[in-house]
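To start, the structure itself, in structure tokens.
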Amino acid sequence: MLTLAQIAEDPDSLRSRLESPDGVPLVFRPLARTDAESLAGSLAALSPESRRFSGFDGDDLAAAQELCAAIARYDKLRLVLEEEASARIVGLLEFSLSLPDGDLVRYRRAGIHLDEATDCRFGLTLADDHQGKGLATLVLPLVCEVARRLGKRRIILWGGVLADNPRAIRYYEKNGFRRVGSFTGPDGQTSLDMILDIDPR
Ligand SMILES: CC(C)(COP(=O)(O)OP(=O)(O)OC[C@H]1O[C@@H](n2cnc3c(N)ncnc32)[C@H](O)[C@@H]1OP(=O)(O)O)[C@@H](O)C(=O)NCCC(=O)NCCS
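With this note's numbering, letter number 163 in the sequence shown gets 163, and the count goes up by one each step, no holes.
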């Protein structure tokens, strides 16, 4: 089973190449410490709607530096999608291997017993010009493969998905995530909990 320390030591173990649905060559790889400025630029370029849906609403450079500083220090794994030609980061994919008490309680109420040994949290954000073309669907098998190599059998949404984000909900549902329930966040917004059983292969 792959560990976060091993990934930080050998990031190429998770690196792969793919082509976006509209033919742009992309690289899928772990976030690197040297990505902070490039990632900050990508976050800054997000539309207000994408920022709201993904929760990146503060200082982009600080957020990007924090994500880079977290490499191999916590329970988090971040991967990026990068355009091969321009080296622009066009996707951020985030795993957390820890499960907060609030999530455990909500899922238990729905009859699902989460376990850090087998379950992880996941979220993703694509650059606006790469949304709505099937890219996130194309990349999901790579996401599941990473989760499998980390020893996981299920993926839950990190922080849920906002109930007024129909594209994301459609994306998750068409790719096998099922609705578990809904909850109201501290900001009064309603989100849905969703879970995916990873195909064991
Ligand atoms: C959500 C997100 C990751 C999905 O990635 P994507 O590559 O755009 O998704 P896909 O194109 O694979 O699938 C989107 C589906 O939603 C559909 N869709 C698009 N807009 C929609 C809308 N307003 N209402 C309902 N469905 C919609 C698309 O038609 C497609 O379904 P289809 O293949 O059956 O036609 C991406 O759009 C994104 O990064 N959005 C901004 C950040 C965000 O919302 N992150 C998720 C936080 S939980």
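Glycine included, every Cβ here is placed at the ideal spot set by N, Cα and C.
All values reported here derive from a predicted model rather than from experimental measurement.
May I have the straight-line CA-CA distance separating residue i from residue j, to the nearest angstrom?
i: R178; j: D193; result: 8 Å
i: P30; j: D75; result: 14 Å
i: S54; j: D164; result: 12 Å
i: A64; j: A85; result: 22 Å
i: S20; j: L138; result: 8 Å
i: R78; j: L39; result: 11 Å
i: F28; j: A110; result: 34 Å
i: A8; j: G185; result: 33 Å
i: K133; j: A72; result: 32 Å
i: S50; j: S13; result: 30 Å
i: I155; j: R108; result: 15 Å
With 16 as the cutoff for other CB atoms within 10 Å, does residue i come out buried or exposed?
i: H113; result: exposed
i: E82; result: buried
i: Q189; result: exposed
i: T34; result: exposed
i: D101; result: exposed
i: R106; result: buried
i: A87; result: exposed
i: G16; result: According to the sequence displayed, residue 16 carries Ser and not Gly. Classification of S16: exposed, given that the 10 Å Cβ count is below 16.
i: A5; result: exposed
i: A136; result: buried
i: S42; result: buried
i: G23; result: exposed
Rounded to the nearest angstrom, how far is the Cβ of residue i from that of residue j, given a contact under 8 Å?
i: S191; j: G159; result: 7 Å
i: R153; j: T125; result: At roughly 25 Å, the Cβ-Cβ gap does not stay under 8 Å, so R153 and T125 are not in contact.
i: E116; j: L97; result: 7 Å
i: F122; j: L157; result: 7 Å
i: C120; j: L150; result: 7 Å
Based on the DSSP output, what are the partners of residue i in its beta bridges?
i: K76; result: S96
i: M194; result: R179
Can you find a CB in chain D that lies within less than 8 Å of the CB of residue i?
i: L2; result: Within the model displayed, chain D is absent; a lone protein chain is all it includes.
So is the beta-carbon of residue i under 7 Å away from any non-hydrogen atom of ligand 3?
i: V161; result: For the structure depicted, ligand 3 is absent and the ligand set comprises only ligand 1.
(Q) In chain order, what are the residue ranges of uninterrupted beta strand (DSSP E) at least 3 long that sit wholly in the stretch 21-60? (A) Listed in chain order, the complete beta strand (DSSP E) runs (minimum 3 residues) inside the stretch 21-60 are 25-30.
In chain order, each alpha helix (DSSP H) run of at least 4 residues that lies wholly inside the stretch 117-171:
Segments of the alpha helix (DSSP H) lying fully in the stretch 117-171: 135-149.
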